[in-house]
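Reading through the structure tokens given below for one structure.
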Amino acid sequence: MESSELNKIWQTLSNENLIDKSIAKENIQRIIQKESSSTIAKLSKKIRFDYLTNIAASVLVLVITVFATLFLNYKNQSLPIQGYIFLVLVISYYALKAVSLKSKLKMLNISYNTSSILESLKKVKIRFEKVSTKESLIMYVSLTVLTVFANFLINDKTDFSNFALNSLQGYVLIFSIVYLVSLPFVGKYYFNKRFSGIITDLNNSIEELNSTN
Amino acid sequence: MNDLILSFMKLFSVSCNKPILIFVLLSKSNHIIMEKEFTELLYQNQGIVHKICSLYFNNRADKEDYKQELIIQLWKAFPSFNNQLKFSTWMYRVSLNASIDILRKEKTQPHFIKIDKHSIEATTESNSESDDNKEKLYRAISKLTDIDKAIITLYLDEFSYKEIAEIMGISESNTGVKINRIKSLILKSFENGIK
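The listed protein sequences derive, respectively, from chains A and B.
Counting from 1 along the first sequence, just add 38 to a position and that's the residue number in this note's numbering.
Counting from 1 along the second sequence, just add 95 to a position and that's the residue number in this note's numbering.
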């Protein structure tokens, strides 16, 4: 079969099967008044909902913590240190999950449609890496600060001179070290698991375009 | 909403400063002109949107939404259009970029995609030799990667190697090599009959 025949078949296929009924000018104008169609909106709707839920949960736990502290102070009592650590962990869990979802939302909004296909893919990849690096940095710094804070809190409230490995301080310290050392690896694994489809897709497409066959 | 802002600005400019009114009116009229120009150009070249949608999203239950998304992306990109390129070339570039982009984004939430298995069968129902060839070509193109699909669509729509190279962002010689490889893949599918 000659390639000119392919062109002919393509023209018939396009005209008879691929091109649907014409979109009227009024409909084109109606469509362009919209910000986005339901395709992308549908994708981001659930993520946005999860993001807001996590923000609300972290704020709620924070308010409860503050309220409990004030209430107990009023009664000349205080919350046990384990209680504070638990609450701080809960708040940070929701807050960091919100940060992660925000990055996902940002990634959904990355589009470079006006450049060539290869250029757009490269730009998306660079932007994608920037967003993920920013997210990893925020996560790592916040978790480090939280861990250090938890250690200080424990050693401040308990007697540091009595520090022993076989105590709450000791356990928290060992856990903190292991946790902080493993964090970048866990973070990388988690990120790859979340976005492996997109990363592989981007790399494959760039490689495909750059290859000479 | 725009009309409300415009009315407010009119009132404001009457009381203090007329250049604001002129600026707002000018940008508003510029927007209307752009909208008209875009609608006219898109209306004339809408076949491109239909074709790309059929090739990239034909198995989707809500194909019309994808068509709308492509039109919205084209409108958003329209300020970047200049007369250095033909509108159809520019339209292909933006639509292909947008389609590949949407498919990639969908990979973050694959469970949200509604697949309609019947649409491919309906498009390619065959009852004559010509229909049979159409079905074979459609199926052969459907099996290609997103990138190859873009290259062969441009080739079959009779774009020059130079134009294809510009849209894809690769060299002309590489374009030629890729087209030959894709063509032989398609022709092989024709010879073997596609499963």
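For glycine and all other residues, C-beta sits at the position ideal for the given N, C-alpha and C.
Original post:
Between which two residues does the alpha helix (DSSP H) carrying Ala106(A) extend?
Top reply: As a first step, residue 106(A) is located in the first sequence; it is residue number 68 there, counting from the start. Note, Ala106(A): alpha helix (DSSP H), Ser76 to Tyr112.
Original post:
Since Lys180(B) is in the alpha helix (DSSP H), which residue starts that stretch and which ends it?
Top reply: On the second sequence, position 85 is the one that residue 180(B) refers to. The question names Lys, yet the displayed sequence has Leu at residue 180(B). It is not in any alpha helix (DSSP H) - Leu180(B) carries neither H nor E in the DSSP assignment.
Original post:
Does the distance from the C-beta atom of Asn241(A) to that of Asp196(B) stay below 8 Å?
Top reply: Position 203 of the first sequence, counted from the start, is the residue given in the question as residue 241(A). Position 101 of the second sequence, counted from the start, is the residue given in the question as residue 196(B). For Asn241(A) and Asp196(B), no; Cβs fall outside 8 Å.
Subject >> Cβ contact check for the segment 113–127 of chain A and the segment 153–169 of chain B: 3 or more pairs under 8 Å >> reply: Pairwise C-beta distances place the segment 113–127 of chain A out of contact with the segment 153–169 of chain B, as fewer than three of them are shorter than 8 Å.
**OP:** If I'm right that Leu221(A) touches Val126(A) with Cβ under 8 Å, what's the distance once you round it to whole angstroms?
**Re:** The count along the first sequence starts at 1 and reaches residue 221(A) at position 183. The count along the first sequence starts at 1 and reaches residue 126(A) at position 88. The pair is not a contact, with the Cβ atoms about 17 Å apart (cut-off 8 Å).
**OP:** Run down chain A in chain order and give the residues with a C-beta less than 9 Å from the C-beta of Thr334(B).
**Re:** The structure shown does not extend to residue 334(B), since chain B is modelled only from 96 through 290, so no value can be given for it.
Original post:
In the structure shown, what three-state DSSP assignment does Leu165(B) receive?
Top reply: As a position in the second sequence, residue 165(B) is number 70, starting the count at 1. In the structure shown, Leu165(B) sits in a helix (DSSP, three-state: H, G or I).
Original post:
Does the beta-carbon distance from Ile236(B) to Ile274(B) come in below 8 Å?
Top reply: In the second sequence, counting from the first residue as 1, residue 236(B) sits at position 141. In the second sequence, counting from the first residue as 1, residue 274(B) sits at position 179. No, these two residues do not count as a Cβ contact at 8 Å.
Original post:
Is there at least one Cβ from chain A nearer than 8 Å to Glu258(B)'s Cβ?
Top reply: What you label residue 258(B) is simply residue 163 of the second sequence in a count that begins at 1. No, no contact with chain A.
Subject >> Lys84(A) classed as buried or exposed, judged by whether at least 16 other C-beta atoms fall within 10 angstroms >> reply: As a working mapping, residue 84(A) is identified with position 46 in the first sequence. So Lys84(A) ends up on the exposed side.
Original post:
Any idea if Ala202(A) is buried or exposed, counting beta-carbon neighbours within 10 angstroms, 16 or more meaning buried?
Top reply: Within the first sequence, the letter at position 164 stands for residue 202(A). Exposed, by the Cβ-count rule.
Original post:
According to a CB-to-CB cut-off of less than 8 Å, which residues of the segment 246–275 of chain B neighbour chain A?
Top reply: Leu251, Asp252, Glu253, Glu261, Ile262, Met263, Gly264, Ile265, Asn269, Val272 and Lys273
**OP:** Name, please, each residue of chain A whose Cβ falls closer than 7 Å to the Cβ of Thr240(B).
**Re:** Within the second sequence, the letter at position 145 stands for residue 240(B). Near Thr240(B) (Cβ distances below 7 Å), the residues of chain A are Glu246.
**OP:** Note the first and the last residue of the continuous alpha helix (DSSP H) segment covering Leu251(B).
**Re:** Taking the first residue of the second sequence as 1, we reach residue 251(B) at position 156. Looking at the DSSP string, the run of the alpha helix (DSSP H) that includes Leu251(B) is Asp241 to Leu251.
Original post:
Shorter than 8 Å from the beta carbon of Lys283(B) to some beta carbon of chain A?
Top reply: For the purposes of this step, residue 283(B) is identified with residue 188 of the second sequence, where counting begins at 1. It does not: the Cβ of Lys283(B) has no partner Cβ on chain A nearer than 8 Å.
Original post:
For the alpha helix (DSSP H) that contains Ser41(A), what are its first and last residues?
Top reply: Sequence index remark: in the first sequence, residue 41(A) carries index 3 (1-based). That run of the alpha helix (DSSP H) goes Ser41 to Leu51.
**OP:** Determine the burial state of Ile277(B): buried for a count of at least 16 other Cβ atoms within 10 Å of its Cβ, exposed for fewer.
**Re:** Locating residue 277(B) in the second sequence gives position 182, where the first residue counts as 1. By the C-beta density criterion, Ile277(B) is buried, having at least 16 other C-beta atoms within 10 angstroms.
Subject >> Residue from Leu100(A), Val179(A), Leu51(A) and Lys160(A) whose Cα sits closest to the Cα of Ile236(A) >> reply: In the first sequence, counting from the first residue as 1, residue 236(A) sits at position 198. Nearest option by C-alpha distance: Lys160(A).
Subject >> Euclidean distance between Cα positions of Ile70(A) and Trp170(B) >> reply: As a position in the first sequence, residue 70(A) is number 32, starting the count at 1. As a position in the second sequence, residue 170(B) is number 75, starting the count at 1. C-alpha of Ile70(A) to C-alpha of Trp170(B): approximately 6 Å in a straight line.
Original post:
Are there 16 or more other CB atoms within 10 angstroms of the CB of Gln168(B), so buried, or fewer, so exposed?
Top reply: The residue given as residue 168(B) occupies position 73 in the second sequence. Buried, since its Cβ has 16 or more Cβ neighbours within 10 Å.
Subject >> Start and end residues, alpha helix (DSSP H) containing Gly271(B) >> reply: Taking the first residue of the second sequence as position 1, residue 271(B) is located at position 176. Residues Glu267 to Asn287.
Original post:
Taking the runs of the alpha helix (DSSP H) that are 4 residues or longer, which of them lie wholly in the segment 102–177 of chain A?
Top reply: 119–146
**OP:** Compute the beta-carbon to beta-carbon distance between Ser141(A) and Ser170(A), rounded to the nearest angstrom, for a pair I have assumed lies under 8 Å.
**Re:** The residue given as residue 141(A) occupies position 103 in the first sequence. The residue given as residue 170(A) occupies position 132 in the first sequence. Contact flag correct, Cβ pair sits at about 7 Å.
Original post:
Does the segment 55–62 of chain A come close enough to the segment 264–271 of chain B that 3 or more CB-CB pairs lie under 8 Å?
Top reply: no
Original post:
Between the C-alpha atoms of Leu180(B) and Ile262(B), what's the straight-line distance to the nearest angstrom?
Top reply: Within the second sequence, numbered from 1, the residue matching residue 180(B) stands at position 85. Within the second sequence, numbered from 1, the residue matching residue 262(B) stands at position 167. Whole-angstrom Cα-Cα distance: 10 Å.
Original post:
What residue from Asp88(A), Leu56(A), Leu90(A) and Phe190(A) has the CA that sits closest to Lys158(B)'s CA?
Top reply: Residue 158(B) sits at position 63 when you count from the first residue of the second sequence. The candidate whose alpha carbon is nearest that of Lys158(B) is Leu56(A).
Original post:
Is any beta-carbon of chain A found at less than 8 Å from that of Glu216(B)?
Top reply: In the second sequence, the residue the question calls residue 216(B) occupies position 121. In this predicted model, Glu216(B) has a pLDDT of only 46, less than 50, meaning its place in the structure is not dependable; the value taken from the coordinates is given anyway. Not closer than 8 Å to any Cβ of chain A, the Cβ of Glu216(B) fails to qualify, so no.
**OP:** Please name the residue, chosen from Gln163(B), Val144(B) and His126(B), that lies closest to Glu73(A) on a Cα-to-Cα basis.
**Re:** In the first sequence, counting from the first residue as 1, residue 73(A) sits at position 35. Minimum Cα distance to Glu73(A) is reached at Gln163(B).
Original post:
Is DSSP giving Thr134(B) helix, strand or coil here?
Top reply: By 1-based counting over the second sequence, the position of residue 134(B) is 39. Here Thr134(B) sits in helix by DSSP.
Original post:
Going by alpha carbons, who is nearest to Asp239(A) out of Lys163(A), Asn147(A), Leu211(A) and Thr250(A)?
Top reply: Within the first sequence, numbered from 1, the residue matching residue 239(A) stands at position 201. Selected option, being the one with the closest Cα: Lys163(A).
Original post:
What residue does the alpha helix (DSSP H) around Gln207(A) start on, and which one ends it?
Top reply: Looking up residue 207(A) in the first sequence gives position 169. First-last of the alpha helix (DSSP H) with Gln207(A): Leu206 to Asn248.
Original post:
Would you say Leu180(B) faces chain A, with C-beta separation under 8 Å as the test?
Top reply: As a position in the second sequence, residue 180(B) is number 85, starting the count at 1. Chain A contact via Cβ: absent.
Original post:
Just how far apart, CA to CA, sit Glu216(B) and Lys231(B)?
Top reply: Position 121 of the second sequence holds residue 216(B). Position 136 of the second sequence holds residue 231(B). Since pLDDT at Glu216(B) reaches only 46, below the 50 mark, its modelled position is unreliable, and the value read off the structure follows with that caveat. If you take the alpha carbons of Glu216(B) and Lys231(B), they lie about 12 Å apart.
Original post:
Quick one, which of Glu201(B), Tyr256(B), Ile281(B) and Ser190(B) has its alpha-carbon nearest Ser234(A)'s?
Top reply: Mapped onto the first sequence, residue 234(A) falls at position 196. The shortest C-alpha separation from Ser234(A) is found at Glu201(B).
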